[in-house]
Structure formats: structure tokens, C-alpha cells
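First the structure, in the form of C-alpha cells, and then the observations on it.
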Amino acid sequence: MPSGSLSSYMRGMDLGDSPICLIPTPPPSLWRERKKEKEQQKAAQSQPPLPGGVVPPVILQQPNIQQQGWEWKTFANPARSDGLELRHWQRKGINLEEYPFAKFNKKAAVLKYNEEEYARHLTVSDWTKQETDELFKLVERFDLNFIVVNDRWNLSTPRSIDALKDRFYFCQRKLAELRNLCGDGDDGVLMTHPYNLEWETQRKMGMEKLFTRPKAEMKSELVILEQARKIDTNRKKKSQPDIKKKKGEVEEEAAACPPGSVALRSTIVTKSAERQSALKWLAGAGIYIHLSSQHTQAAFVQLCNDVITLMDWQKKVSKKKKDRESLFDKKQDLLRPLKKRKTAPSQRLQDGQAAASNLVGSAGGTPIPSGKGNRK
574 MPSGSLSSYM
584 RGMDLGDSPI
594 CLIPTPPPSL
604 WRERKKEKEQ
614 QKAAQSQPPL
624 PGGVVPPVIL
634 QQPNIQQQGW
644 EWKTFANPAR
654 SDGLELRHWQ
664 RKGINLEEYP
674 FAKFNKKAAV
684 LKYNEEEYAR
694 HLTVSDWTKQ
704 ETDELFKLVE
714 RFDLNFIVVN
724 DRWNLSTPRS
734 IDALKDRFYF
744 CQRKLAELRN
754 LCGDGDDGVL
764 MTHPYNLEWE
774 TQRKMGMEKL
784 FTRPKAEMKS
794 ELVILEQARK
804 IDTNRKKKSQ
814 PDIKKKKGEV
824 EEEAAACPPG
834 SVALRSTIVT
844 KSAERQSALK
854 WLAGAGIYIH
864 LSSQHTQAAF
874 VQLCNDVITL
884 MDWQKKVSKK
894 KKDRESLFDK
904 KQDLLRPLKK
914 RKTAPSQRLQ
924 DGQAAASNLV
934 GSAGGTPIPS
944 GKGNRK
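To convert, count from 1 in the sequence shown and add 573; that's the working numbering.
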């Protein structure tokens, strides 16, 4: 076979003379279909078969329920006094004796007066009987809704809502007193909480001012309230007992109690700088403390406290003595002649002006200016 590839060799040969039989190649469309079938077979083999078959459908039968019918019936509302008949849907076989929503027809019980009661107890200078009668009619009609009553007030004398309330509740309170209807709870509200026209007017004026105040004033009030809250919190903290002091008091009380068995004095007496100084003071006074017993422990603690108090008073007395000596030296220096004084005149003048300014400032006056320019 000549050199070169097989394809070039076959192209150079005549097919009629060649003894080689070539295998035909399938078309591309058939090859793709075979490949797709193989892939489907592999996918079917990889997935497990589903158990069982298709569930047969279940036909639901509707239950035979006896349905209740409705009917269009007339009814009367007890709140209407004109005999009005209305209609609504109602179940068959149910006869209602009373309209179900009639229980919500609540009306306020208004006490009414007669001619004699009005003439004796309800007569006032700024209200006539005609105005009072009209007020009671409107209040009973609109069920104590004084805003609507004020809107429907058509008499010559205009009345405010507060004036209408004051007149109505004044008459109700008087009638309740005459008929001995002053009970406890809700029945006695007219007597325990009478309507105060002056207080109600001031309250509404205050609320109106509160609602119409500017934003700057609101912010300043919030700042003041925050400061007041902080002051209250600090006051509560100061009023609470200090935990450290409380622990110290407990230790002192425990030290005063006699131990139940033998114990060291160091476990009973508190080790502090003041106690150590008290022990040194006792040693300097020639008093040496030996091992204290149960009977002498309380007396020893009291002795240490007395020594500490004595040392504090000695410090105060020594400080007062030093202050007295310094003041005495200043007095003697001022009484000496100018030549024999220890301090210079200018220095003494400045010291005197400073003392005078401090004295005047503490009294609330104007301090005296100091300096060389004020001297003549």
C-alpha cells in the first residue's frame, strides 16, 4: 500500500477494481433518533417504578339536609311610639315576642317637676320657667346630648353648653333631695359630684391654652420635666441607705455579740486606720491591751470608739488654737506703729480692701475696688 492516509488512497482507486466492501453510514436524522431512544431507556431504568396503579375517583354524594326557609315578616320596635311597622327576614317557625335589639333602647331617667316644686325650690333669677321647660324637653328628646341641645336652643336668651348643664343638673339634684333619691354608687353621683360651672369654665380655658401653646414652650416644658425627673431620681438615691455603711453597721453589731467559742480578737475587731491610731494612743498613754476575753470585748470596743472621738476633738481644738494664734498675731501687728510693723503698708491696704470686699459681697452689696489707682 502506498504511503499516505487511507482516505487519499481510496480516492485514488477505482471502486470497480477495489476488492474492499465499504459499510454504509446511517443518515444524521436516524442517528439522532437512536441516541434519543437510548437516553430515554437509561432514564427509565434509573427511576424506580411507582407502586400500585391510578386511584379510582370517588364520587361525593351530597347529604340530604333539610333546609330551613326564610320568610318576610313585619315587626314593631318598642322605641317607636308612633306604631311604625317594619319588615325583615326571619326563619320559619320562630316567633319572636319582642324585637331582639330592643334591649339596647336605653334612655336616661330624667326627674320631672310640677308647678309647686318649681315655685318653691327651682326658681332662680336668670332662668325663666319657659326656658327650663324647653331645656327639659330637649334633654329628654336627645338623651342628655348637650351639644345637640345647644344646637337646637332657639329661645331669645342664648345659652352656652356649660350653662345648660349647670341648670339641668341643679334641678335634678334639688328634685333628688326632695324625693329622697340620694343612694350609693351610680344613683348618688348627683350628690357626691355636683356640677361646678366655675371650675368647668376654668378647666376648658386651661385646656385651650394648653392646645394653643407654641412649640418652643412645649420644648422648654419637656426640658423642665426631664430636669425634675433627674432631681427626683437623685433624691431617691440619696434617701436610700448606703450599702457600705450598712455593711459596717452589721459588722459592728456582729463584733458586739459574744462569740460562742474561743476566737481571735482580730476576727472580731475591725482593722481600720482609726483603730490602729487608737491603739497607738492607748500605748502612748501607758495602757497596754492584752488578749481580750469574752467579758471585756464589748468594753474594749467602746473604749476604742471613745479614744477615736477624743482624738477627733483634739484635732479640732489644735486647729482652733492655731487660728486663734494667727488672728492674735495679725491684731498685734495692726496695733504696732508703722515702723515696727512686719508687713508693708501697701500689702496691708490690699489685705484690708480684700477683706472689706468679701464682707460687702457676702452681705449682698457692691464690692470695693482695689488697686493703687484708688489711693490718693
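Where is the CB? At the ideal position from N, CA and C, for every residue including glycine.
Neighbour-count burial assignment, residue i, 16 or more Cβ in a 10 Å radius
i: C877; result: buried
i: A851; result: buried
i: Q635; result: exposed
i: C755; result: exposed
i: P600; result: exposed
i: Q745; result: buried
i: Q870; result: buried
i: V628; result: exposed
i: L603; result: exposed
i: I593; result: With a pLDDT of 48 at I593, under the threshold of 50, the modelled position of that residue is not reliable, and no figure is offered here.
i: V531; result: In this structure the chain extends from 574 to 949, so residue 531 is not present and cannot be described.
i: V631; result: exposed
i: L722; result: Note that residue 722 is Val in the sequence shown here, rather than Leu. By the 10 Å Cβ count, V722 comes out buried.
i: R802; result: exposed
Distance CB(residue i)-CB(residue j) smaller than 8 Å
i: A749; j: L684; result: yes
i: E688; j: Q663; result: no
i: R725; j: W700; result: no
i: W527; j: V880; result: Only positions 574 to 949 of the chain appear in this structure, which leaves residue 527 out of reach.
i: K955; j: F715; result: The displayed coordinates of the chain run from 574 to 949. Any statement about residue 955 would go beyond what the structure contains.
i: E707; j: L728; result: yes
i: L711; j: Y742; result: no
i: N678; j: A652; result: yes
i: L770; j: E690; result: no
Expected contact under 8 Å - CB spacing of residue i and residue j to nearest Å
i: T705; j: L695; result: 7 Å
i: F648; j: Y672; result: 6 Å
i: N650; j: A675; result: 7 Å
i: K665; j: Q641; result: 6 Å
For residue i: DSSP bridge partner residues
i: T647; result: R660
is_contact[residue i, chain D] using C-beta, thresh 8 Å
i: K777; result: Included in the structure is just one protein chain, with no chain D present.
Residue i beta carbon near the ligand GDP (any heavy atom closer than 7 Å)
i: A871; result: Of ligands this structure carries none, so the ligand GDP is not represented either.
Problem - Residue ranges of each beta strand (DSSP E) within the segment 708-748, 3 or longer - result: none
Exercise for the section: Counting only runs of 4+ residues fully inside the segment 864-891, write out the alpha helix (DSSP H) ranges in chain order. Expected result: none
Handout entry: Runs of beta strand (DSSP E) lying entirely within the segment 684-711, each at least 3 residues, in chain order
Key = none
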